[in-house]
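S.K.: Sending over a structure as structure tokens; questions will come in a sec.
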Amino acid sequence: MAQDVDGGTTFGTWTDSCAQYMYKTSFLELVNTEQFRGMNVLDVGGGNGLLKTLLSEANVTTVDIDANKRPDICQDALTYIPDTSPDVVFGRYVLHYLTTTQATRLLAHIGTYCKRMVIIQFVNDWSAIDIKRSISQGSGDHAKTFYRWSDLFALCDRQPWVINRTATTKTTITAEFYRNRLGVSGARQHTESIVMLELQHIGDNK
Ligand SMILES: C[S@@+](CC[C@H](N)C(=O)[O-])C[C@H]1O[C@@H](n2cnc3c(N)ncnc32)[C@H](O)[C@@H]1O
3 MAQDVDGGTT
13 FGTWTDSCAQ
23 YMYKTSFLEL
33 VNTEQFRGMN
43 VLDVGGGNGL
53 LKTLLSEANV
63 TTVDIDANKR
73 PDICQDALTY
83 IPDTSPDVVF
93 GRYVLHYLTT
103 TQATRLLAHI
113 GTYCKRMVII
123 QFVNDWSAID
133 IKRSISQGSG
143 DHAKTFYRWS
153 DLFALCDRQP
163 WVINRTATTK
173 TTITAEFYRN
183 RLGVSGARQH
193 TESIVMLELQ
203 HIGDNK
């Protein structure tokens, strides 16, 4: 049975340099935070609200299915509909928590209430995906969907969305990261790309 390896409100606060890069520095490299100043941001799968600090000039609301992370709204993002349309929806490191069918549904669902989205997601080549699968299974974590860049692109660049802009950075995921993140020791180090996709709504008639 899957354990809660996310750590509730401490999620993403691990102090190793790899975690700091994954959850903080890479965001500031990939996202021009200034452009979201004053905007209403809905952060789907927003967890414990790390984006609130990173987008401190925006009004960020988190929706997450995990009550342990104390989101602003504890609901399934696949069905949640905000009362007022946000200016932009962010989804950082959430797609791999879903099946590809659910991820496709999530993007279509968000398209019913918002015209702009930013996705941030790590992607790997096949060899690193194999490493990540075995680490995740060994930790008792729930099943995850790990993406290659081409698969993520295909998932996002479809009705009602078109990819407007992308940015990428690359990092090394260390054994120390997996020890802190998932409680496993001796994990194999590998490289990983973190990509940012800006999606623009184009309606249903691409
Ligand atoms: C890896 S965490 C990322 C948290 C946050 N976006 C960040 O970058 O710090 C993924 C989050 O997605 C949430 N999640 C997974 N499926 C969800 C769903 N159907 N609806 C809402 N949240 C979901 C999980 O509970 C988890 O908090």
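In our numbering, the protein residues as written are 3 to 208. We put the beta carbon where it would ideally sit given N, CA and C, even for glycine. All values reported here derive from a predicted model rather than from experimental measurement.
(1) Is it buried or exposed for Ile122, if we count other Cβ within 10 angstroms and need 16 for buried?
(2) Got a sec: does ligand 1 put a non-hydrogen atom nearer than 7 Å to the Cβ of Arg94?
(3) Using a Cβ-Cβ cut-off of 7 Å (strictly less than) and excluding sequence neighbours within five positions of Gly140, which residues of its own chain qualify?
(4) Say yes only if the C-beta of Ile137 is nearer than 7 Å to one or more non-hydrogen atoms of ligand 1, and no if none qualify.
(5) On a CA-only basis, which of His203, Val90, Ala145 is nearest Ile165? Give me that one, please.
(6) For a test of the three-state rule: what should DSSP assign to Ile196, helix, strand or coil?
(7) Would the segment 41–58 and the segment 90–100 be scored as touching if the rule is three or more Cβ pairs under 8 Å?
(8) Mind listing, in chain order, the continuous beta strand (DSSP E) runs of no fewer than 3 residues lying wholly within the segment 37–62?
(9) Tell me, to the nearest whole angstrom, how far the beta carbon of Ala60 is from that of Phe29; I am working on the premise that it is less than 8 Å.
(10) For Asp159, collect the residues of the same chain with a Cβ closer than 7 Å to its Cβ; drop the 5 residues on either side in sequence, then sort them by chain order.
(11) Specify, as a first and last residue, the run of the alpha helix (DSSP H) that Phe148 falls within.
M.R.: Result, derived from the coordinates:
(1) Classification for Ile122: buried.
(2) Yes, Cβ of Arg94 sits closer than 7 Å to a heavy atom of ligand 1.
(3) Excluding sequence neighbours, Gly140 sits near Val186.
(4) No, the Cβ of Ile137 stays beyond 7 Å of every heavy atom of ligand 1.
(5) Distance check between Ile165 and each of His203, Val90, Ala145 places His203 closest, using alpha-carbon atoms only.
(6) Ile196 carries a strand assignment under DSSP once its states are collapsed to helix, strand and coil.
(7) Touching, yes, given that three or more Cβ pairs across the two stretches are closer than 8 Å.
(8) List check, beta strand (DSSP E) in window: 42–46.
(9) With a Cβ gap of about 13 Å, Ala60 and Phe29 do not count as contacting.
(10) Excluding its 5 nearest sequence neighbours in each direction, Asp159 has C-beta neighbours in its own chain below 7 Å: Ile165, listed in chain order.
(11) Careful: Phe148 lies outside any alpha helix (DSSP H) and carries neither H nor E.
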